[in-house]
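Protein chains in written order, with the working numbering: chain L, 1 to 87; chain R, 88 to 1358.
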């Protein structure tokens, strides 16, 4: 990295982006990215009522139950993280 | 030689020409900007300013999207328009300012404070009894008590002495009244001075005895603060032993002592000399042991060779030696100069300066003269026989210091090679060290082997190095040093860090910037050290508290931030323990700053936490100082946190209310002031909290006088506006008779407060107009509307405000009627005050109350005042005139001929000022003249103004143009005299004028004509004006640039784009960058005004010119163009796509950058309009640029991609992104993740549907089955 790079707007942008949960970086692995995707998806399902209603009909559950389930699934959506092979 | 040079030059030129031909012939065309002498990066800014507010504002500017009411360039462009070659003179090379230079005596008292030794941290040691060597809270309190006791004793002694003297005097007067002789008087003085001496001696004695009692060794062990400024006023009360030992760096001591030594006894019988001598002797004789050790303790660099004149030699001096000796001593020998660090910074600077002057003024030697003059053509003459070289021994003596004791003159050795002011190079890439810094950082210059030092010393060295880098280093050095200090703060430890940093902050030669940096260091370190700072809290406060009363706003904010962080780190208990002793310090300065610091602590840790302590302090029985400071803390809290006091208002008032009846007058005063501050902060709520103080306040105003009364009135003034209407009127009536009594007070402060209170009382609802008219007005006008009030600026302002407020209640006629006669007063400042009041009153309330008689008087008055004004501040009269005339409206008609006569007469005046005022007045009253149907008169004025366009004073010319503009605006183009076709050609040359006021007014006028009456002027004239305007697109003043852009648009519309465009496109070939940028803006303006299709073909055709500048200009114009036209762009996007394709593939970075930004604007403009096919195509060209590193290019590319996200949808961009997120090369991954992140932040929700399907692994489920559900 050049000296000038460190202070320019782009590095600031990256810093800014890093503040958001769900953004990624070059060292992100498959599992971590997948977790973010899953959580974003569930958050989206819960946030869009028509979508929730659709799932409720498809699964023959109440909408509230669906919402509850999605919220629960946001906890460990992909199961436990895999063992790090490099450690 | 001379003959060879042109030959070489010729050959070189030929070769260059040949090369150029060659390069143009070969198939691969070298791009000179890429390969040749010009720097290809000159178009770029090397870095983007990190915290540039302007840019942020630009990005958010909501004005960008809207269609503007007039033609204009984008705001961002107007702001960053390149400026002419002239640099702003007020910016840039401002000399760094020393803090001490702008401080007053009171603020300089900070240097008297001693950085106290570390204190015991009760939290860290738990229940253990603290070590004897550590200073505990009890020690500090005991010391303070002792100090106070000493002070009181001294005061008692002084008082007694005074009484005795008075008694003696009285005795004498009664005893031998007739024998009063001048000699006796003289003896009196003698007595007195001797008394003074003994008093001082007595005090010194007590000082000696003092420190023994404290086990903690008191402040004597404190880090010495070198270079404290001498006491300006050597009042007995504040002298401590520090002042008597000559601390290095105090010039006053240096001056004083040799004088004493040199003086012959008897010659000056002044008591002063006698006083000084014994002190001097005591100083030189090294008898007292402790004092000796003090000397040993001063930093080594300061050590032995103190050239502080007097010290030792003075003792050896017998009185009667030539007084020259003293002077000689003051100028140190050259060898002393080389003893770096042996002298104080101030002296060093002085010396350096002297040396510099010497060096420049020395006579030239023969060799130097030989070198300067040509060899032949000159003849060296012998000096005439009568010539005797001037010798000024006195000067020489001063200039060439000789070692001690030889009063004879000696010819100095001249050593030209010596460089006195170039310090030794700092080793190891350390930044430059100023001479003032040697005493702190001198150790770094010793080339010691770091390996040999103990770990402690190594650590010290490391800290010093880092601090020096922070203080004097370049920005990158500073940044890394700061980071290291922060990261290693705990490792270094609080002690070593603060022992290094804090003395630096007490350095008398500190500059603003340096202090800012050091304070920043403290701030960062505080975060890291957290509870470890506890022992150092007081030390830190000593250096930070002065920031709280700094005149610089940012310094105050910084100080508050540090103290707030400090209190969060150390906790309330430690803060209180550290600051409690200072609350009743004998020095008012200390108490003042402590109170302010406490208010910051309160706002940081919450008021409730501090309330019990405050309560205790405010009720302190021990000393009035404690109560005073406690109450002052409340005042400062109110000032600091404003309306946030409301939840605690009642308790705060309760804490201080008893102070209104305190036995000490100062406490009563500060209590009232605190109540005022609380009421001001709480307004308009919280009256119920003040219930308990109403009675004492209102009773108090009857019994008090002077300062206390003023404070009480102030409190009342702030409380009354909180009240309900009924109460307000009752309480106002109660207070008014006191106020009326105080109207006559000669005290300035009282006057201001009374005025303020009157204003506050009058503006409350419950006070009726009749009451004011009958009870207040007569006295008010009798006492305040006098000439004297106009002389003081603050009185003036206050009086005007108060009168305006009264007028709001009682109406215009009453007030104006009372003062209108004064418009003819003989004092000009007073007339101005009257005028300003009338202006404000009339502007607020209109003129409908003014009857015919008053109207006549008023017009007469303003005309008189306007004509008689002589001072520079002319705006008051102008505004007043304008306001009155506009308020009267049609009623002015009868007076207009008179007014215009005056104006015409004054336009012809000799004084430029008068002419300017007259012209300005026309622009103020033009609208009213129209209302009065005086068009003929205006036409006449127009002609007169037109005749004055030859005016040579730019200020006046600007005003004349402004007046013409006003007339044109109201009477329209067709009726204007002189006719537009005569007027405009007259304006064209004026456009060349460089004066801002002229430019702005002229462009406005031209723009107005172009807008409304373009047809009156031939197209050729407009063309000419267009090219004058081009220059002005880069004007300094934003108003001018805006006016220029507008005018340009009007003109282009009036005469059609073809001609203008042809010339503009030619202009793109100009070398000068500024000119090119202005031209691109102009092209964009034309395109917007006359529809893009009139411009685009020619523009795109221009791109074929194989010249970098032209092509870039075209691209830039395209970029602006698409930014303006927004949705309209959808019709042109297919037309320009091939051009952009080409540009995005160009090897030149700037091409790609500009093209990318054009793509961005295009994409944003056509989002949702069905141009996806073209956009995807362009995206494919933009995408390969994502790996660019130049900041501007990558910015443009990223923004283009963002634009694509908006236009094409996040899913499309995600698909581009996916290929690189898990690329094996890290560099690639980094870039892709960056794009992904901005995509994610921009359209998180939209991505959910577009994420790729991930396959499950053994334990982990990655699939999203919900998305495949189907009913």
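We put the CB at the ideal spot given by N, CA and C, even for glycine. Just so we're clear, the structure is a prediction, and the values are computed from it rather than from any experiment.
Item, Value
"Give the straight-line distance between the Cα atoms of residue 814 (chain R) and residue 805 (chain R), rounded to the nearest whole angstrom.", "14 Å"
"By DSSP, does residue 852 (chain R) sit in helix, in strand, or in coil?", "coil"
"List the residues of chain L that residue 1313 (chain R) touches, going by C-beta distances under 9 Å, in chain order.", "26 and 27"
"Which residue from R:789, R:770 and R:945 puts its Cα closest to that of residue 807 (chain R)?", "R:770"
"How big is the Cα-Cα spacing for residue 165 (chain R) and residue 1122 (chain R)?", "Any answer about residue 165 (chain R) is weak, because its pLDDT of 47 lies below 50 and its placement is not dependable; what the coordinates show is given next. When rounded, the distance between both Cα atoms is 10 Å."
"Residues of chain R with CB under 8 Å from residue 58 (chain L), in chain order?", "1356, 1357 and 1358"
"Would you grab the beta carbon distance between residue 1171 (chain R) and residue 1208 (chain R) for me? Rounded to a whole angstrom, and I think it's under 8 Å.", "5 Å"
"Would you mind telling me which residues of chain L sit closer than 7 Å to residue 1321 (chain R), beta carbon to beta carbon, in chain order?", "14"
"Closer than 8 Å, Cβ to Cβ, to anything on chain L: give me those residues from the segment 1058-1081 of chain R, in chain order.", "none"
"Our contact map puts residue 1347 (chain R) next to residue 82 (chain L) with C-beta atoms below 8 Å; I'd like the distance itself, whole angstroms only.", "7 Å"
"Do you know offhand how far residue 820 (chain R)'s Cα is from residue 955 (chain R)'s?", "42 Å"
"Taking DSSP's pairing of strands, which residues face residue 598 (chain R) in a bridge?", "R:185"
"Which class does residue 1081 (chain R) belong to by DSSP, given the choice of helix, strand or coil?", "coil"
"8 Å is my cut-off, CB to CB: does residue 80 (chain L) come that close to chain R?", "yes"
"Residue 489 (chain R) by DSSP, collapsed to three states: which one?", "Its pLDDT being 43, under 50, residue 489 (chain R) is placed unreliably in this model, and the value from its coordinates should be taken loosely. Three-state result, residue 489 (chain R): coil."
"Output yes or no for whether 8 Å exceeds the beta carbon distance between residue 1031 (chain R) and residue 972 (chain R).", "no"
"Compare the C-beta of residue 87 (chain L) against all C-beta atoms of chain R and say whether one is closer than 8 Å.", "Note on residue 87 (chain L): pLDDT 48, under 50, position unreliable in the model; no value is reported."
"Quick check: the Cα distance between residue 1349 (chain R) and residue 1335 (chain R), rounded to an integer number of angstroms?", "14 Å"
"Please decide whether residue 68 (chain L) counts as near chain A, where near means a Cβ-Cβ distance under 8 Å.", "Absence of chain A from the displayed structure is noted, the protein chains being L and R."
"Can you give me the Cβ contacts of residue 47 (chain R) inside the same chain, cut-off strictly under 6 Å, excluding the 5 residues immediately before and after it?", "In the structure displayed, chain R extends from 88 to 1358; residue 47 (chain R) sits before or after that span and is not available."
"Alpha carbon to alpha carbon, how far is residue 1035 (chain R) from residue 1003 (chain R)? Give it in angstroms, no decimals.", "11 Å"
"Measure the beta-carbon distance from residue 773 (chain R) to residue 816 (chain R) and round it to whole angstroms, keeping in mind my assumption that it falls under 8 Å.", "Actually they do not touch by this definition, with Cβ atoms about 20 Å apart."
"Check each residue of the segment 1324-1337 of chain R: if its Cβ is closer than 9 Å to any Cβ of chain L, include it; give the result in chain order.", "1324, 1325, 1327, 1328, 1331, 1332, 1334, 1335 and 1336"
"Rounded to whole angstroms, what is the Cα-Cα separation between residue 69 (chain L) and residue 21 (chain L)?", "22 Å"
"Assuming residue 1176 (chain R) contacts residue 1213 (chain R) (C-beta within less than 8 Å), just tell me the rounded distance between them.", "Incorrect: roughly 15 Å between the Cβ atoms, too far for contact."
"By how many angstroms is the C-alpha of residue 855 (chain R) removed from the C-alpha of residue 896 (chain R)?", "8 Å"
"Is the beta carbon of residue 630 (chain R) sitting closer than 8 Å to the one on residue 592 (chain R)?", "yes"
"Spell out whether any CB of chain L is found under 8 Å from the CB atom of residue 611 (chain R).", "no"
"Does the beta carbon of residue 1317 (chain R) come closer than 8 Å to any beta carbon on chain L?", "yes"
"For residue 682 (chain R) versus residue 719 (chain R), is the C-beta distance shorter than 8 Å?", "yes"
"How big is the Cα-Cα spacing for residue 988 (chain R) and residue 932 (chain R)?", "29 Å"
"DSSP has residue 222 (chain R) in a bridge; who is on the other side?", "R:206"
"Along the chain, where does the alpha helix (DSSP H) that runs through residue 679 (chain R) open and close?", "675-692"
"Can you give me the start and stop residues for the alpha helix (DSSP H) that residue 658 (chain R) sits inside?", "Run containing residue 658 (chain R): none; DSSP gives neither H nor E here."
"Using beta carbons (cut-off 8 Å, strictly below), is residue 1351 (chain R) in contact with chain L?", "yes"
"At which residues does the alpha helix (DSSP H) containing residue 1126 (chain R) begin and terminate?", "1125-1142"
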